[in-house]
Structure formats: structure tokens, C-alpha cells
Amino acid sequence: MKKEVKWEITFAVLVVLAVIGGFKFFEKIDNGNVGIEYSMSGGVRSKALSQGVHWVGLDKVTQYPIKTQTIKQKVALASSDGKKTDVEVNYSYHVDPTKATDVYKKFGNVDVVSIEKGWLNQQLTAAGRKSMSKYTLLEVVGTDSTKVQSDLLKEFQNRAASQGFIVEDLSFGTPSLDNQTKKSIDDIIKAGQDNKKAELEAKTKQTKAEADAKAKLTKADAEAKANEKISKSITQKVIDNKTADARLKHGWITTQAGSAIVDK
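This is how it looks when you write it as C-alpha cells:
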């Protein structure tokens with residue numbers, strides 16, 4: 003009996019140890035992360051683990067975020083005319099899952115927040131300076147703002163993608179302006195408003211003139227058609243009838259022309 007009890011206890015202990023050991027040999031990767039697997043003998047494995055449960059044996063696993071991150075930060079830039087300005091930039095990015103191990107190898111255990119404030123901020127600043135150098139500050143805040151934003155996005159995407167970061171979209175706010183630039187912009191806006199007003203007044207006058215001319219033309223056309231209709235309706239028979247009616251009403255008028263007597 004004692005031997006049987008000892009065997010049962012030993013078996014139970016082995017089962018518990020096996021269960022605990024089994025959990026130690028598996029790793030669950032959470033949603034929005036990949037697993038960076040580190041082998042004691044070979045270092046970081048080339049392929050990251052996708053979400054779910056994986057057998058990892060004695061390997062150590064670090065969960066690395068690949069979900070979209072949204073960042074807002076100010077960047078100091080300069081335009082082609084030498085104007086310095088601060089621009090608030092918003093962008094969204096995520097780590098390319100197929101390059102997560104490369105990112106980990108490059109940056110090690112550094113968290114993504116530190117990468118955002120460090121390496122990504124450097125790339126954004128460099129991209130912004132290259133893009134802004136093509137435009138004056140007035141162009142940046144004016145008609146070419148969309149082009150500047152598009153150029154900045156493409157430049158930043160290319161720089162970030164080289165190290166495994168995918169920039170999804172980007173937008174920037176109004177650059178900070180000095181007093182001289184503000185005045186220039188106000189003058190441009192006022193000139194544009196004056197031009198619009200002049201164009202509107204000219205168009206209004208033109209429309210009125212065209213309307214008056216059309217009305218006169220319509221009236222003249224109507225009179226011409228009426229006269230034409232009257233002219234076509236006057237025949238010799240109508241004239242004779244009108245003459246006969248007049249003679250019946252007013253009688254005959256007798257005049258002498260030379261030796262001839264003419265009744266009218």
C-alpha cells in the first residue's frame with residue numbers, strides 16, 4: 003500500500019511538472035504584436051512569430067508591437083527663401099511584420115516610444131527639410147500646401163521603409179509665421195478679394211448689358227415680324243375695299259385737273 007501511494011504521489015508530481023514545463027515551452031503572442039524569438043545558441047531567429055500560441059522550447063520571446071501608432075510632434079523647418087518655421091506634423095505608422103526581426107536587431111530592446119522620439123523624428127525632420135527647401139513659405143501656406151504635404155509624405159515613407167517602418171498617412175498644420183510674412187499673406191488675401199469683387203462687378207455689368215441688348219433685339223425682332231405680317235396682309239383687294247368703304251362714308255370728291263374732271 004505504501005509503495006502504491008508513493009507511486010501515485012510521484013506520478014502526480016510528474017504530471018504537474020510536465021504541465022508547468024509545457025507552459026514554459028509555449029508562448030502566446032497577443033493581437034497587434036509579433037514575437038521576436040531569441041535562441042540561446044543562435045541569437046535572434048529570422049522569422050517573427052505571428053499572433054497565437056507557439057511552441058518555443060527554451061527560446062526567449064519578446065513581444066513587439068506592429069499595430070498602427072499615431073504620432074503628433076512639432077518639427078523645425080526652413081523654406082527655400084530662408085524662412086524658419088515650426089510645423090505640427092501628425093502621422094500614422096506601423097512596423098512591417100515581415101521586417102520586425104530586422105527592426106529588433108537594429109534597435110534592440112528600445113521601446114517604440116523611444117524610437118518615435120529618436121530615429122523616426124530624425125527621419126521626419128530630414129524629410130521635412132528636403133521637401134520644404136523646394137518652396138517659399140508663402141507657397142507652403144498658400145496654393146502649394148497640398149504639394150508640400152505630398153512631397154513630405156513620400157520622402158518620409160521612403161526613409162522609414164528602409165528600416166521596416168510603414169508610414170500610412172501624414173498631415174501638417176499651419177506653419178508659424180513672422181510678422182512680415184503674415185502681412186504679406188494678408189496683402190495677398192486682400193488683393194485676391196479685391197480682384198474677386200472687381201470680377202463680380204464686371205460680370206454683373208456684362209450680364210446686364212447682354213440682357214438689355216437681348217431685350218432690344220427681341221423687341222426689334224417682334225416689330226419686324228409684325229410689320230412683315232401687316233405688309234403681307236395688304237393686297238390690292240384690301241385697298242379697293244378700304245377705298246369703297248371710305249367713299250360710302252365720306253362721299254365723292256370732285257377735282258379738275260386741266261380739262262379733265264376727276265372723281266376721288
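Letter 261 of the sequence shown, counting from 1, is numbered 263 in the numbering used here, and no numbers are missing.
Cβ coordinates follow ideal geometry from the N, Cα and C atoms, glycine included.
In this text the structure is predicted, and so the values were computed from the model without any measurement.
Are the CB atoms of residue i and residue j nearer to each other than 7 Å?
i: LEU79; j: ARG131; result: yes
i: SER173; j: ASP88; result: no
i: SER94; j: TYR137; result: no
i: GLY166; j: ASP104; result: yes
So residue i packs on residue j, CB below 8 Å; how close in whole Å?
i: SER135; j: LEU154; result: With 8 Å as the limit, SER135 and LEU154 do not qualify as a contact, their Cβ atoms being about 11 Å apart.
i: GLN71; j: ASP32; result: No, GLN71 and ASP32 are not in contact; Cβ-Cβ is about 16 Å, not under 8 Å.
i: THR176; j: VAL150; result: The pair is not a contact, with the Cβ atoms about 12 Å apart (cut-off 8 Å).
i: LEU139; j: LYS85; result: 4 Å
What does a CB cutoff of less than 7 Å around residue i pick up in its chain, not counting 5 residues either side in sequence?
i: ILE68; result: GLY34, ASN35, VAL36, HIS96, VAL97, PRO99, ALA102
i: PHE109; result: ILE117
i: PHE27; result: TRP57, VAL58, GLY59
i: GLU212; result: none
i: THR148; result: none
i: ASP146; result: TYR137
Residues in its own chain within less than 6 Å of residue i by CB, not counting five upstream and five downstream?
i: PHE158; result: LEU126, ALA129, VAL169
i: ASP171; result: SER94
i: GLU118; result: ILE73
i: PHE25; result: With a pLDDT of 49 at PHE25, under the threshold of 50, the predicted position of this residue should be treated as unreliable, though the coordinate-derived value follows. If we look at PHE25 and ignore the five residues flanking it on each side, it has no Cβ neighbours.
i: GLY44; result: none
i: GLU225; result: none
Comparing C-alpha positions only, which one of the options sits nearest to residue i?
i: SER152; options: VAL91, SER116, LYS76, LYS210; result: VAL91
i: TYR106; options: LYS49, THR176, GLU29; result: LYS49
i: VAL63; options: LYS156, GLU29, SER43, THR148; result: GLU29
i: ARG161; options: ASN123, LYS227, GLN53, GLN75; result: ASN123
Skipping 5 residues on each side, what residues in its chain have a beta carbon closer than 8 Å to that of residue i?
i: LYS76; result: ASP88, VAL89, GLU90, VAL91
i: ALA222; result: none
i: ASN111; result: THR64
i: GLN53; result: ILE31, ASP32, ASN33, GLY34, ASN35, VAL36
(Q) Pairs of beta-carbons, one from the region 53-61 and one from the region 33-43, closer than 8 Å: are there three or more? (A) yes
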